[in-house]
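Residues 16 to 296 in my numbering are what the sequence shown lists, from first letter to last.
First the structure, in the form of structure tokens, and then the observations on it.
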Amino acid sequence: MAGGNTLLRRLSRQDRSEVNNVVKYLLFGFNSFIWLIGVGLICVGAWAAVQKNNINNITMLTNSIVDPVTLLIVSGVIIFIIGFFGCIGALRENIPLLIAYVVLLVIVLLLLVALAIIAFAFKSWLKKLIVETSLKDVIPKYRDDPDLKNLIDWVQEDWLHCCGLQDYNDWELNIYFNCSSPGMDACGVPYSCCIPDPNAAMINLQCGQNKRRPNEPNSDIYKQGCIDAGDAWFNTYIIPIAGVVVGVAVLMILGICCSWNLVADVKAQKAKWDKVPFERF
């Protein structure tokens, strides 16, 4: 029994308070919230996908990167994985999960910095890329997917007050608004391009018809393209946008530092326990 008492005394002298519980549970709580956000995005995206299946609206747009449902699900999965690694890694003091969490945060942080540099330093190239991609994937497929349609209508009508990408004539690329179309929307624009009438009791869904025909009055629609309108909005709110980006980056850097500190604490604690010699009772 003397040997056992000696071992117990040695164990009792070990520093069991080395792992910082404040950092541990702060990481756990924060990443639990992030994890729930990821789960919520996945659930909403899955529900939207099921709804599209139910009303037979799955089209070739489903596999496109501009599909809002796809973007929602992918974003949710990424956030879920990051939150899961941080949450479980902190709670269980699991070094591999914490390291994976740090690596993911570093990757996302680098992507955020790269996007910020591109947005500020290569604005012209980015605008050209958006125009080329959107003219191919967004305008022609406006009515192929209700989620994309609602997003475009919101951008044009409620957010930027614009029409098309470069200007309202971009809607010629859509088969429904093409001037050679036999439909009633030929040579027109979506209703979201119309300037709202404050005296109207209801939205006129046919207000954009024939607005691109020669000699047709079109003073009641937005002429500016959404690219230029978005650029103007960005320049107007550049300080708040930069503040949000910096705030997100600071939170990520704090997460990286706290996680790495927790990894170091766990390693130090394990090293101390590994030094305790085995003795027979």
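C-beta atoms are modelled at their ideal positions from N, C-alpha and C, and glycine is treated no differently.
Check your understanding: Taking the alpha helix (DSSP H) that Phe95 falls in, what are its first and last residues?
Key -> The count along the sequence shown starts at 1 and reaches residue 95 at position 80. Taken as a continuous stretch (DSSP letters only), the alpha helix (DSSP H) holding Phe95 covers 83–107.
Check your understanding: Do Val38 and Leu277 have their C-beta atoms within less than 8 Å of each other?
Key -> Start at 1 with the first residue of the sequence shown, and residue 38 comes out as number 23. Start at 1 with the first residue of the sequence shown, and residue 277 comes out as number 262. Taking 8 Å as the Cβ cut-off, Val38 and Leu277 qualify as a contacting pair.
Exercise for review: Confirm, please, whether the CB-CB distance from Pro155 to Leu188 is below 8 Å.
Suggested key: By one-based count along the sequence shown, residue 188 stands at place 173. By one-based count along the sequence shown, residue 155 stands at place 140. Between Leu188 and Pro155, the CB-CB gap stays under 8 Å.
Review point. Are the beta-carbon atoms belonging to Tyr191 and Asp182 less than 8 Å from one another?
Key: Reading the sequence shown from its first residue, position 176 is the one you call residue 191. Reading the sequence shown from its first residue, position 167 is the one you call residue 182. No, they are not a contact pair.
**Study point:** Residue closest to Val118, alpha-carbon to alpha-carbon, out of Cys272, Lys282, Ala286, Ala283
**Key:** As a working mapping, residue 118 is identified with position 103 in the sequence shown. Residue nearest to Val118 within the set Cys272, Lys282, Ala286, Ala283 is Cys272 (criterion: CA-CA distance).
Review point. Are the region 222–235 and the region 165–173 touching by the rule of at least three beta carbon pairs closer than 8 Å?
Key: By the criterion of at least three beta-carbon pairs nearer than 8 Å, the region 222–235 is not in contact with the region 165–173.
Check your understanding: DSSP on Cys177, reduced to helix/strand/coil?
Key -> Taking the first residue of the sequence shown as position 1, residue 177 is located at position 162. Coil, per DSSP.
Exercise for review: Identify which residue in Pro83, Ala105, Cys58 has its Cα closest to the Cα of Ser274.
Suggested key: Here residue 274 refers to the residue found at position 259 when the sequence shown is read from its first residue. Shortest Cα-Cα distance from Ser274 to any of Pro83, Ala105, Cys58 involves Ala105.
Practice item. Taking Ser90 as the reference, give the member of Gln66, Gln284, Cys177, Val54 with the closest Cα. Key: Walking along the sequence shown from the start, residue 90 turns up at place 75. For the options Gln66, Gln284, Cys177, Val54, the alpha carbon positioned closest to that of Ser90 is the one of Val54.
**Study point:** Three-way DSSP call (helix, strand, coil) for Ile218 in this model
**Key:** Here residue 218 refers to the residue found at position 203 when the sequence shown is read from its first residue. In the structure shown, Ile218 sits in coil (DSSP, three-state: anything other than H, G, I, E or B).
Check your understanding: For the candidate residues Ala63, Gly179, Gly203, whose alpha-carbon lies nearest to that of Val146?
Key -> The count along the sequence shown starts at 1 and reaches residue 146 at position 131. Ranking the options by Cα distance to Val146, first place goes to Gly179.
Review point. What did DSSP end up calling Leu144 once you bin it into helix, strand or coil?
Key: Stepping through the sequence shown from its first residue, residue 144 is reached at position 129. It is helical.
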